[in-house]
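Numbering (our numbering), first residue to last: 26 to 381.
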Amino acid sequence: MTRSKAAPLTRDLFLELCEAGNRQRSYVRHREGRVDVYLPGVYRMFASWVEAGPQAGAHLRGAEGPRSTAFRGDHNWVHGGALDRAAMERAIAESRRIAAMRGGGHATSGELPDVYKPLLHALKAMQAPPAGLHAGGPRAKVLSGEQELATKLCERCMERTRHLTQPGDDDLLKRLDKLRAQKSIKYEVLWPAANALPYGTDSAKRAADEAESAAVQTTRAVLGCRYGSQKCLPFVTKALVRTVREIESSDGAAAAAALVVELDELIMNEELVAALAARAKQEAPAFERVLWRGADAKGYPAWWLVRIDGERYGLLGKLGRRWQWSVADWDSVVAMIPDEHFEEAVEAACARDGRA
Numbered sequence: 026m027t028r029s030k031a032a033p034l035t036r037d038l039f040l041e042l043c044e045a046g047n048r049q050r051s052y053v054r055h056r057e058g059r060v061d062v063y064l065p066g067v068y069r070m071f072a073s074w075v076e077a078g079p080q081a082g083a084h085l086r087g088a089e090g091p092r093s094t095a096f097r098g099d100h101n102w103v104h105g106g107a108l109d110r111a112a113m114e115r116a117i118a119e120s121r122r123i124a125a126m127r128g129g130g131h132a133t134s135g136e137l138p139d140v141y142k143p144l145l146h147a148l149k150a151m152q153a154p155p156a157g158l159h160a161g162g163p164r165a166k167v168l169s170g171e172q173e174l175a176t177k178l179c180e181r182c183m184e185r186t187r188h189l190t191q192p193g194d195d196d197l198l199k200r201l202d203k204l205r206a207q208k209s210i211k212y213e214v215l216w217p218a219a220n221a222l223p224y225g226t227d228s229a230k231r232a233a234d235e236a237e238s239a240a241v242q243t244t245r246a247v248l249g250c251r252y253g254s255q256k257c258l259p260f261v262t263k264a265l266v267r268t269v270r271e272i273e274s275s276d277g278a279a280a281a282a283a284l285v286v287e288l289d290e291l292i293m294n295e296e297l298v299a300a301l302a303a304r305a306k307q308e309a310p311a312f313e314r315v316l317w318r319g320a321d322a323k324g325y326p327a328w329w330l331v332r333i334d335g336e337r338y339g340l341l342g343k344l345g346r347r348w349q350w351s352v353a354d355w356d357s358v359v360a361m362i363p364d365e366h367f368e369e370a371v372e373a374a375c376a377r378d379g380r381a
């Protein structure tokens, strides 16, 4: 950014420059001590005016200039308070361009996201893990029904690896499928059916798992989930790791990444259903996609923005002292998102809703 000794711009003039030459009026939000300006339609912030402090004045997205202290974490905001009018016009245009980019122009760090723990083990086994999992939110926490989620994940892995068999698998798979169809199974039958090696050292158990085909191992994992929420996690972890590794080896990295994205959507859906039951005490309606998830002060999932259909959206969160599930049109639901989550929520939701 080019610096100038000219007098700094006023807030009103800065806001005028943000609107100049644009057919659609930007969305402006007044907050305590600042004014934020968003791209029309997608609600992605590209400009902010801070009223006071060491970095009072204009803040914009950019690659050059003093790093803005008004934004937390890893961001691409710079302080442009000392720019003259001509330089500010160029900086605003560049900021709008960056904001319109996928992901708001953020560079990817290459680090693994903090996701549902069994899925994280699968990501570690991949050559090219996909980005943007968990809708950009915190690690999923299924408040109830962890056994149901683990079972559904294992069943999806079983379906995806059913063709990856070895000679002699047919009879074993028929036996395991017959057990899966039973409503109740005695412990002495279930335990050896769920484990290639029911008892032994960890290394011996791992060797027995690897010796079996992916089709058999994932089918065993479905049976292992019968033990309940406390014991299902080792089985779903084993199924996810083996499935992702096998698909990447047989079908390529892109196919494995696509499968992980599909599993991630399943996790978020089940988490929302559980959260609605536990927090709002109601059944989840039919919905199309979880668009954004936000965290509370302790880092636990506390907000969900959901697309119910083409016209209605839902927001689950703690509004005031009580948990609320609100359903309305896009603008009405977005207006309920707290200030501290607003930008990240709308940015993630617009990208996943096809608005960006």
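Virtual Cβ for every residue (Gly too), placed ideally from N, Cα, C.
- Counting along the chain, Y212 sits inside the alpha helix (DSSP H) bounded by residues 212-219.
- H104 counts as buried, since at least 16 other C-beta atoms from the protein chains shown sit within 10 angstroms of its C-beta.
- In the three-state reduction of the DSSP assignment, H366 falls in the helix class, which pools H, G and I.
- In this structure, the straight-line span from the alpha carbon of V67 to that of T226 is close to 55 angstroms.
- About 5 angstroms separates the beta carbons of R69 and E372, which is inside the 8 angstroms limit, making them a contact pair.
- Ranking R110, V261, T268, Y212 by CA distance to the CA of L34 puts R110 first.
- With respect to the 7 angstroms criterion, I123 and C43 are not classified as neighbours on the basis of their beta carbons.
- Collapsing the DSSP output to three states places L341 in a strand.
- Runs of the beta strand (DSSP E) spanning 3 or more residues and lying entirely within the region 251-321 occur at 314-320, in chain order.
- Of Q191, A83, E89, the smallest CA-CA separation from A95 is found for A83.
- The Cβ atoms of F260 and G249 lie closer than 7 angstroms to each other.
- In this model, V266 and E235 are separated by some 12 angstroms (Cα to Cα).
- If you ignore the 5 residues before and after E237, its C-beta comes within less than 6 angstroms of the C-beta of A221, all in its own chain and listed in chain order.
- Close CB contacts of E295 within its chain, under the 8 angstroms cut and outside five residues either way in sequence, are with V167, G170, E173, L174, K177 (chain order).
- Burial is judged here by how many other beta carbons sit within 10 angstroms of a residue's own beta carbon; R48 has fewer than 16 and is exposed.
- Just measuring C-alpha positions, the residue of S351, R270, D61 sitting nearest A309 is S351.
- Annotation: V241 is outside any beta strand (DSSP E); the continuous alpha helix (DSSP H) that includes it extends over 239-249.
- By the Cβ neighbour-count rule, M183 is buried, with 16 or more other Cβ atoms within 10 Å of its own.
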